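Counting from 1, one number per residue, gives the positions in the sequence shown under the UniProt record's numbering.
Single-structure report; data block below.
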Amino acid sequence: MDLYADIPNLKHLQALEAIGATHSITRACEQLNLSQPALTQGIAKIETQLGVKLFNRRRGMVMTEPGEVYLKRMCRGTHYLRRAGDYAARFASKAPPHLHRRFTLSQLRALIAVVEHESFRLGAQQLAVQQSTVHRSCRELEAQLTCQLFERTSAGIKPTRQAVEFSRLAKLALGEFAQAQIDIQGWKGSFAGRFAIGCLPLAKTSLLPGALMQLTEEYPMLDIIVVDAPYLDLSKALRHGDIDIIIGALRRARLPPELVQEELFVDPLIIVGRSGHPLLSGEPVTPQRLAEYPWVAPRAGAPARDYFDNFYAALQRPDGDAHPIETGSLTVLRGLLMNSDRLTIISAGQVDYEIKLGLLSEIVYPLKNSERSIGVTMREGWLPAVPQQRLLEHLKALVAKI
Numbered sequence: 001m002d003l004y005a006d007i008p009n010l011k012h013l014q015a016l017e018a019i020g021a022t023h024s025i026t027r028a029c030e031q032l033n034l035s036q037p038a039l040t041q042g043i044a045k046i047e048t049q050l051g052v053k054l055f056n057r058r059r060g061m062v063m064t065e066p067g068e069v070y071l072k073r074m075c076r077g078t079h080y081l082r083r084a085g086d087y088a089a090r091f092a093s094k095a096p097p098h099l100h101r102r103f104t105l106s107q108l109r110a111l112i113a114v115v116e117h118e119s120f121r122l123g124a125q126q127l128a129v130q131q132s133t134v135h136r137s138c139r140e141l142e143a144q145l146t147c148q149l150f151e152r153t154s155a156g157i158k159p160t161r162q163a164v165e166f167s168r169l170a171k172l173a174l175g176e177f178a179q180a181q182i183d184i185q186g187w188k189g190s191f192a193g194r195f196a197i198g199c200l201p202l203a204k205t206s207l208l209p210g211a212l213m214q215l216t217e218e219y220p221m222l223d224i225i226v227v228d229a230p231y232l233d234l235s236k237a238l239r240h241g242d243i244d245i246i247i248g249a250l251r252r253a254r255l256p257p258e259l260v261q262e263e264l265f266v267d268p269l270i271i272v273g274r275s276g277h278p279l280l281s282g283e284p285v286t287p288q289r290l291a292e293y294p295w296v297a298p299r300a301g302a303p304a305r306d307y308f309d310n311f312y313a314a315l316q317r318p319d320g321d322a323h324p325i326e327t328g329s330l331t332v333l334r335g336l337l338m339n340s341d342r343l344t345i346i347s348a349g350q351v352d353y354e355i356k357l358g359l360l361s362e363i364v365y366p367l368k369n370s371e372r373s374i375g376v377t378m379r380e381g382w383l384p385a386v387p388q389q390r391l392l393e394h395l396k397a398l399v400a401k402i
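So, in C-alpha cells, the structure goes:
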C-alpha cells in the first residue's frame, strides 16, 4: 500500500509554509519563485482536499485553527526535506541552492520504493506504475543531486549509502506530510490513520494488550499494526519511519542515532523452569544444584543476554554438558521448559501468564542487580498524534497499577 499517494504537490506545501511565516502570498511567491495565480490555486486545491480553510483572508493571510494544526505537522516534513537536501549536497559535485525545493513527490516516492526493494521492477509494482516511469524519476533525481544513487552489481542494482540515507530522510518527510492530512481529520473529530508499534518481549505481557484494548475503544477506526521482531530490525524500522514507537526493554548502551528512550518501570529477572521441576522440592537452591541442569539462553543482543552469560559462566558447568539453546521466541521457550528440566533467566512479568496457569514456575534464587528498564523508544523530536499520545497515557496508567 502506498501511504504517500494523496500528498499534495510539494511546491504547494512549501508555499504554505512560506505564507505561514510571512502572512503574505506576495512574499511567499518571491521566496519560491512562483506566480501568484499558481500559488493561490495550489493553496485552494489543498483546502478543497482537506475540506477546511487554512487561512483567514480578511486581514492578510492569517492561519485558522485547522491551518495551525496542518502547518505544525507539515513544517516537520519540510524540515526533513531540508535535511535530505543538505545531506545530498555534501556528496554532490555541484549542488544548487535550496536543493530541497527542487524535489517532486513522484521522484521521492520512486526512490523510496526502489531503495526498499533494491529493484526498479519491484519498486514500480509497489507504486503501480510502469518501470520506465520509476527509472526516469530516479534518474532525474540523481541528475538534480549530482551524485550516484545506484550501483550495478552481478545481482542487479544496489542503492549507494547516500541513496539509503537520503531515502530515509525523504521517507520521514513524506510520513509527516501524510500525517498532516490525518491530523486534520482528527481535528474534525474523525481519528483514523495508521499506528505501527514495534513490540519487544514485554516485562508485562498484559501491558500492551491492555493499553490497546482501551485505545481501540476510543478510536475504533484506527489501523493498529503490532510488529514483533528483534530489536535491530525494529530500531531500523523506527529510524526509517516504518513504525512509530518500540515498546519493551530499553537499551543501556549503543542506542541507534536519532532515537530516544522513556522508562515506564523497572522489572527484575528471575529463574524459571517447568512446574514440578526438581529444584522445587523445597531444598535450598545453590549454584551447584543450578549447574546440574541444562539451560535456555536469551537471544544474542537482548538486554538479559549479558546477565545470562555472566551468570552461566559462574556456574562452571562441565564442558561435556549440554550447551544452552538460544531463542528469542516465548513460544519456543515455553515448549523447551515445559518438556524438560531446562532452566532460563527471564523477566518476571514476561512469563507471569504461564506462571499463573501453572505451566511454569519461578525457581527462587536471588539474581542481584538484574533489574531491567522497560519503556518506550521513539524518534528524537517525535510529535505523537492524539491517538498515539493516548496510548502512551494508557501505558503509564497501567504501569501505575503494577
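Glycine included, each C-beta is placed from N, C-alpha and C at the ideal position.
Given the structure is predicted, the values throughout are model-derived calculations rather than measurements.
If you compare alpha carbons, which of the options is closest to residue i?
| i | options | result |
| --- | --- | --- |
| F150 | Q126, A170, I355 and E118 | E118 |
| H79 | F55, L13, S340 and G42 | L13 |
| Y87 | R76, G77 and L99 | L99 |
| G189 | L34, S167, V266 and V52 | V52 |
| C199 | T377, A253 and I270 | T377 |
| A249 | G375, L3 and V129 | G375 |
| L391 | P278, F308, P209 and K401 | P209 |
| K236 | E165, G282 and R73 | E165 |
| L398 | F265, E380 and R305 | F265 |
| A5 | K72, N33 and Q107 | Q107 |
| K158 | A113, V129, A143 and S132 | A113 |
| L215 | E362, A143 and E393 | E393 |
| R251 | P268, D267 and Y231 | Y231 |
| G77 | E354, G381, Q389 and A400 | G381 |
| Y307 | S340, L105, G85 and S347 | S347 |
| E354 | V364, Y365, S370 and L333 | L333 |
| V115 | L212, N310, A211 and T160 | T160 |
| G156 | L122, S167 and Q162 | L122 |
| L81 | R90, F103, F91 and P96 | F103 |
| D267 | E142, L3 and P303 | P303 |
| E283 | L16, A180, V364 and I325 | V364 |
| A170 | R83, I182, T153 and D352 | R83 |
| G328 | L3, Q389, A229 and Y219 | A229 |
| I247 | G241, F311, R254 and E262 | E262 |
| A89 | E142, R73 and S340 | E142 |
| A400 | R152, A18 and A211 | A211 |
Whole-angstrom Cβ separation of residue i and residue j, contact assumed at under 8 Å?
| i | j | result |
| --- | --- | --- |
| R274 | L259 | No, R274 and L259 are not in contact; Cβ-Cβ is about 38 Å, not under 8 Å. |
| I345 | L367 | 7 Å |
| L207 | L395 | 7 Å |
| L145 | V134 | With a Cβ gap of about 17 Å, L145 and V134 do not count as contacting. |
| L50 | I184 | 5 Å |
| S137 | A110 | 4 Å |
| A178 | I7 | 6 Å |
| D321 | P287 | In fact, because the Cβ distance is near 14 Å, the residues do not count as touching under 8 Å. |
| I46 | L39 | The Cβ separation is near 11 Å, so there is no contact. |
| residue 486 | P201 | Residue 486 lies beyond the stretch modelled for the chain, which goes from 1 to 402, so this question has no answer here. |
| S93 | C29 | No, S93 and C29 are not in contact; Cβ-Cβ is about 31 Å, not under 8 Å. |
| L269 | R372 | 7 Å |
| I271 | E362 | 7 Å |
| F120 | Q130 | The pair is not a contact, with the Cβ atoms about 10 Å apart (cut-off 8 Å). |
| L105 | L34 | The pair is not a contact, with the Cβ atoms about 16 Å apart (cut-off 8 Å). |
| L71 | L3 | Rounded, the Cβ-Cβ distance is 21 Å, inconsistent with contact. |
Can you look up residue i in the DSSP assignment and give me helix, strand or coil?
| i | result |
| --- | --- |
| G375 | strand |
| D267 | strand |
| residue 408 | This structure cannot speak to residue 408, because the chain is shown only from 1 to 402. |
| V52 | coil |
| D86 | helix |
| I7 | coil |
| V62 | strand |
| F177 | helix |
| residue 416 | Look at the range of the chain in this structure, 1 to 402, and you will see that residue 416 is not part of it. |
| F191 | coil |
| L200 | coil |
| D183 | helix |
| L32 | helix |
| V364 | coil |
| I402 | coil |
Is the Cβ of residue i closer than 8 Å to any Cβ of chain B?
| i | result |
| --- | --- |
| P268 | In the structure shown, chain B cannot be found, because there is only a single protein chain. |
With a threshold of 7 Å (Cβ to nearest heavy atom), would residue i be considered close to the ligand ATP?
| i | result |
| --- | --- |
| L255 | In terms of ligand content, the structure shown is empty, and the ligand ATP therefore cannot be addressed. |
I'd like the ranges of any beta strand (DSSP E) spanning at least 3 consecutive residues and lying wholly in the stretch 322-348. The stretch 322-348 contains these whole beta strand (DSSP E) runs: 343-347.
Can at least three beta-carbon pairs, one atom from the stretch 218-233 and one from the stretch 182-197, be found at a separation below 8 Å? Short answer: they touch.
Using 8 Å as the Cβ pair cut-off and three pairs as the minimum, do the stretch 23-31 and the stretch 54-68 touch? Yes: the two stretches touch, three or more of their Cβ pairs being nearer than 8 Å.
Counting pairs of beta carbons, one from the stretch 294-313 and one from the stretch 380-398, are three or more of them closer than 8 Å? Fewer than three Cβ pairs drawn from the stretch 294-313 and the stretch 380-398 lie within less than 8 Å of each other, which leaves the two stretches out of contact.
Quick check for students: name the residue ranges of the alpha helix (DSSP H) that lie wholly in the UniProt domain "HTH lysR-type" (103-160), counting only runs of 4 or more. Here the runs fully enclosed are 105-117, 120-127 and 131-145.
In chain order, each alpha helix (DSSP H) run of at least 4 residues that lies wholly inside the stretch 234-314: Qualifying alpha helix (DSSP H) stretches, in chain order: 287-290.
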